[in-house]
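A quick write-up on the structure given underneath.
Numbering (our numbering), first residue to last: 4 to 266.
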């Protein structure tokens, strides 16, 4: 059954709200994380970090890095926590964290250590459920939109899915910029906040269905090792062409640029 209420985005754009949010998140064992930006990588800009802790109210913290800058990560909360510490010590669940980690590390020197990549988990899940052969490789990896369609029937409202699709299309068409609407009170800003929330609201359900489902033989080890590799390699990129085109801890001979295995 789909949620009967819309998500509750909470924009964090001052250090007082940041302190309250960080202390709240510090009590959780697992955080579901995504980042938004312009050309999200060392070559672009990081605008927001979205964090969801699985709460039933569907509240998502949208931490405005564009406004807070470095203090978003290093401002010390009332209870002595920082966002940097949470991201570097908590168990974090991403869907394909490569661009996020590249930006976090190279722009702010934040390096998450305990990361689960659900894009990789979904591959290991399909290896078993679709072919049940250890040597089978999918011809394509699935993006988040396809995973939402396939697995996430309980975590998002139909309105949230529609907003996500529409805003994604408008951003790609260059009709507006993500950073333009985060703090304003227009209809566009509300839709943009919902757009930002969707990518983390769906992760608990996706984790439950693909990671906690039955993976292929050796799948858990493969997913964890390569989730970590995707993070570590953020330190190793030597140029934009390498970041965009080289294989990076996805199935063997995988082309990041085309989301396709080269056979």
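Every residue, glycine too, gets a C-beta built ideally from N, C-alpha and C.
If you're wondering where the values come from, they're calculated on a predicted model, not measured in any experiment.
Who are the Cβ neighbours of residue 163 in its own chain at under 8 Å, not counting the five residues just before and after it?
9, 10, 197, 200, 201 and 204
Using a Cβ distance threshold of 8 Å, determine whether the region 58-68 contacts the region 20-32, with at least three qualifying pairs required.
The region 58-68 is in contact with the region 20-32.
Alpha carbon to alpha carbon, what distance is there between residue 101 and residue 234?
7 Å
Distance check for residue 143 and residue 68, CA to CA, integer angstroms please.
For residue 68 and residue 143, the distance between alpha carbons rounds to 33 Å.
Starting from residue 66, trace the beta strand (DSSP E) in both directions and tell me its first and last residue.
For residue 66, the uninterrupted beta strand (DSSP E) segment begins and ends at 62-67.
Below 7 Å between beta carbons: does that hold for residue 49 and residue 110?
yes
Would you decide whether residue 92 is buried or exposed? Buried here means 16 or more other CB atoms lie within 10 Å of its CB.
exposed
Going residue by residue through the region 29-90, where are the continuous alpha helix (DSSP H) segments of at least 4 residues, counting only ones entirely within it?
68-71 and 74-77
In this structure, what does DSSP give as the bridge partners for residue 94?
According to DSSP, residue 94 bridges with 33 and 117.
Go ahead and pull the three-state DSSP assignment for residue 179.
Coil, per DSSP.
Looking at the unbroken beta strand (DSSP E) that takes in residue 12, where does it start and where does it end?
First-last of the beta strand (DSSP E) with residue 12: 11-15.
Residues in the same chain with beta-carbon distance under 6 Å from residue 154, minus the five sequence neighbours each way, listed in chain order, please.
209 and 212
Any idea if residue 112 is buried or exposed, counting beta-carbon neighbours within 10 angstroms, 16 or more meaning buried?
exposed
Taking the alpha-carbon positions, what's the residue 156 to residue 54 distance?
21 Å
Is the beta carbon of residue 65 closer than 7 Å to that of residue 6?
no
Out of 131, 80 and 119, state which residue places its alpha-carbon closest to the alpha-carbon of residue 19.
80
Count the other C-beta atoms from every protein chain shown that fall within 10 angstroms of the C-beta of residue 97, then say buried if there are 16 or more, exposed otherwise.
Answer is buried; the Cβ neighbour count reaches 16.
What residue does the alpha helix (DSSP H) around residue 207 start on, and which one ends it?
206-209
Quick one, which of 126, 104, 127 and 129 has its alpha-carbon nearest residue 117's?
104
Could you give the distance in angstroms between the alpha-carbon of residue 229 and the alpha-carbon of residue 166?
32 Å
Less than 7 Å between the C-beta atoms of residue 87 and residue 76, yes or no?
yes
Grab me the residues of residue 21's own chain with a C-beta within less than 6 Å of its C-beta, minus the 5 sequence neighbours each way, in chain order.
15 and 78
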